[in-house]
Amino acid sequence: MVTIPSSRQCDGLKGPLVIYDPDDPLAYMYDIDDATTVITLSDWYHVVAPVTRYFIGVEASSSLINGHGRYAPGIPSDLAVINVEQRKRYRMRLIAMSCDLNFLFSIDGHNLTVIEADGVLTEPLAVDKLRIFPGQRYSVVLVAD
Numbered sequence: 001m002v003t004i005p006s007s008r009q010c011d012g013l014k015g016p017l018v019i020y021d022p023d024d025p026l027a028y029m030y031d032i033d034d035a036t037t038v039i040t041l042s043d044w045y046h047v048v049a050p051v052t053r054y055f056i057g058v059e060a061s062s063s064l065i066n067g068h069g070r071y072a073p074g075i076p077s078d079l080a081v082i083n084v085e086q087r088k089r090y091r092m093r094l095i096a097m098s099c100d101l102n103f104l105f106s107i108d109g110h111n112l113t114v115i116e117a118d119g120v121l122t123e124p125l126a127v128d129k130l131r132i133f134p135g136q137r138y139s140v141v142l143v144a145d
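Take the sequence shown: its position 82, counted from the start at 1, is 82 in full-length UniProt numbering, and no numbers get skipped.
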């Protein structure tokens, strides 16, 4: 058994683990479902986790998409880019690997169709944005129109 003092541990290695279902009953809804459509959302702190427990209200220094983000007083850096082709349908697997932050995820000018939540297939639901909390996972279909 692993015990983590305080609330959550934000430091350390993390990454997505995706298990693809060769018999996915919702596969007819999308054309692309591969490593390029896995989207990780995380927070980044410029102090180590053991230090944060001594302070109230420590806020994340940056928000990251697929490990890329910007820090306001820092040097500009590349942002995450996911290339799509027009008229193709993409299964985007959103994974909130954050410690404290929740995210409101959207793609400008597009609706998304939720088809899975935390590993459970759902009735397709069209949304223009999606709130995702630490540890949650959603699959959404994006139509590149």
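For every residue, glycine included, the Cβ atom is placed at its ideal position computed from N, Cα and C. Model, not experiment: these values are computed from the prediction.
Residue i versus residue j - alpha carbon distance
{"i": "Val140", "j": "Tyr71", "result": "28 Å"}
{"i": "Val18", "j": "Arg93", "result": "9 Å"}
{"i": "Ala126", "j": "Gly67", "result": "27 Å"}
{"i": "Asp108", "j": "Pro22", "result": "31 Å"}
{"i": "Asp100", "j": "Gln136", "result": "12 Å"}
{"i": "Val84", "j": "Leu104", "result": "21 Å"}
{"i": "Leu130", "j": "Trp44", "result": "21 Å"}
{"i": "Ser62", "j": "Tyr28", "result": "37 Å"}
{"i": "Ile65", "j": "Gly15", "result": "12 Å"}
Within 7 Å, strictly: CB atoms of residue i and residue j
{"i": "Arg89", "j": "Tyr30", "result": "yes"}
{"i": "Ser42", "j": "Ser98", "result": "yes"}
{"i": "Thr37", "j": "Ile95", "result": "no"}
{"i": "Ile82", "j": "Leu26", "result": "no"}
{"i": "Asp128", "j": "Asn102", "result": "no"}
Same chain, Cβ closer than 6 Å to residue i, five either side skipped, listed in chain order
{"i": "Val143", "result": "Arg89"}
{"i": "Asp33", "result": "Arg91"}
Residue span of the beta strand (DSSP E) that contains residue i, given as start and end
{"i": "Ser63", "result": "Ser62 to Ile65"}
Opposing strand residues paired with residue i [DSSP bridges]
{"i": "Thr113", "result": "Ala126 and Val141"}
Cut-off 7 Å between Cβ atoms - residues of its own chain near residue i, not counting five sequence neighbours on either side
{"i": "Asp118", "result": "Gln136 and Arg137"}
Cutoff 8 Å; reference residue i; Cβ partners in own chain excluding five residues on either side
{"i": "Asp145", "result": "Gln86, Arg87 and His110"}
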